[in-house]
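Going by our numbering, the sequence shown opens with residue 3, and the numbers climb by one from there.
Inspection log for the structure reproduced underneath, given as structure tokens.
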Amino acid sequence: MARIKSALELALERTESVKSDKESIELFELKREGKKLAGAFLENPDEKKLEETIKKYPKDKQGALKQGMFDVLVSQIRLPATQDDIAKQDAVGKAIQFLVNDRRFGQLFGQLVQAFQRYLAEVEQFDQAIRRQYAPKLRQKEEELARRLGRAVQLDPFQDPEFVNFYNQNMNALKGRYEEAIEQVRDQATKLFEAAQK
């Protein structure tokens, strides 16, 4: 008759091959520290303080620290919703520029920030144009409701599912054009970062 193993014995057998690798744990911790450092920088963009903080770490540990920072920063490159977001994007660009240490990225990101300005202007124009284009249909729906209810009705366009669908379709097309540029900048940043780490 076969011996029945305890749950502890089974667990020990399964984890036997998993050894604690001190170096990989240290790299993980350094990357996590880099992510925190990136978050702190975005809260208070101070390049000198960032440089001083990184220099406190031994040279052989800085790569993992910078990788953690880079991962957070590159994920923060996104379309702005307001003018204030452009200032945040500028801080992201400066931090990545510091990490990749390549003027080409600074120029590329400068162009992206200009594109963000155009994007915000286009969003405003699209919003107005969509509302103007849909206004006759909305008035028609208001008149229909007024006839049914026997009193004047004022509809908010965003309460109309048809308008919301039309609006989102047009805005998503606009966003899609700019998302391509963001992806290109992310890809270029990644290539430059990888080259700087060699």
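Just so you know, even glycine gets a beta-carbon here, dropped at the ideal spot from N, CA and C.
Keep in mind that this is a model prediction, so the values were computed, not measured.
Whole-angstrom distance between residue j and residue i, CA atom to CA atom
| i | j | result |
| --- | --- | --- |
| residue 193 | residue 93 | 20 Å |
| residue 3 | residue 9 | Because residue 3 sits at a pLDDT of 47, beneath the cut-off of 50, its placement in the model cannot be relied upon, and the point is left open. |
| residue 190 | residue 29 | 25 Å |
| residue 160 | residue 140 | 11 Å |
| residue 47 | residue 136 | 43 Å |
| residue 168 | residue 174 | 10 Å |
| residue 100 | residue 24 | 29 Å |
| residue 185 | residue 150 | 50 Å |
| residue 126 | residue 98 | 29 Å |
| residue 124 | residue 181 | 14 Å |
| residue 73 | residue 113 | 22 Å |
| residue 119 | residue 109 | 16 Å |
| residue 171 | residue 183 | 20 Å |
| residue 154 | residue 142 | 12 Å |
| residue 164 | residue 195 | 45 Å |
| residue 50 | residue 179 | 35 Å |
| residue 199 | residue 134 | 52 Å |
Start and end residues, alpha helix (DSSP H) containing residue i
| i | result |
| --- | --- |
| residue 70 | 61-77 |
| residue 151 | 105-151 |
| residue 162 | Counting along the chain, residue 162 falls outside any alpha helix (DSSP H), and DSSP gives it neither H nor E. |
| residue 57 | 49-57 |
| residue 155 | Premise fails: residue 155 is in no alpha helix (DSSP H) and is neither H nor E. |
| residue 8 | Element bounds for residue 8: n/a, residue is neither H nor E. |
| residue 34 | 24-45 |
| residue 101 | 85-102 |
Which listed residue (the options) has its alpha carbon closest to that of residue i
| i | options | result |
| --- | --- | --- |
| residue 61 | 78, 141, 32 and 185 | 32 |
| residue 77 | 67, 86 and 91 | 91 |
| residue 115 | 187, 145, 45 and 166 | 187 |
| residue 102 | 122, 75, 148 and 143 | 75 |
| residue 111 | 200, 95 and 120 | 95 |
| residue 55 | 45, 35 and 107 | 35 |
| residue 84 | 122, 64 and 69 | 122 |
| residue 88 | 117, 199 and 172 | 117 |
| residue 201 | 44, 57 and 104 | Outside the shown range of the chain, which is 3 to 200, sits residue 201, and nothing can be said about it. |
Inter-residue CB distance, residue i and residue j (contact presumed, cutoff 8 Å)
| i | j | result |
| --- | --- | --- |
| residue 145 | residue 157 | Not quite, the Cβ-Cβ distance comes to about 10 Å (not below 8 Å), so this is no contact. |
| residue 128 | residue 81 | With 8 Å as the limit, residue 128 and residue 81 do not qualify as a contact, their Cβ atoms being about 13 Å apart. |
| residue 70 | residue 37 | 4 Å |
| residue 59 | residue 67 | 6 Å |
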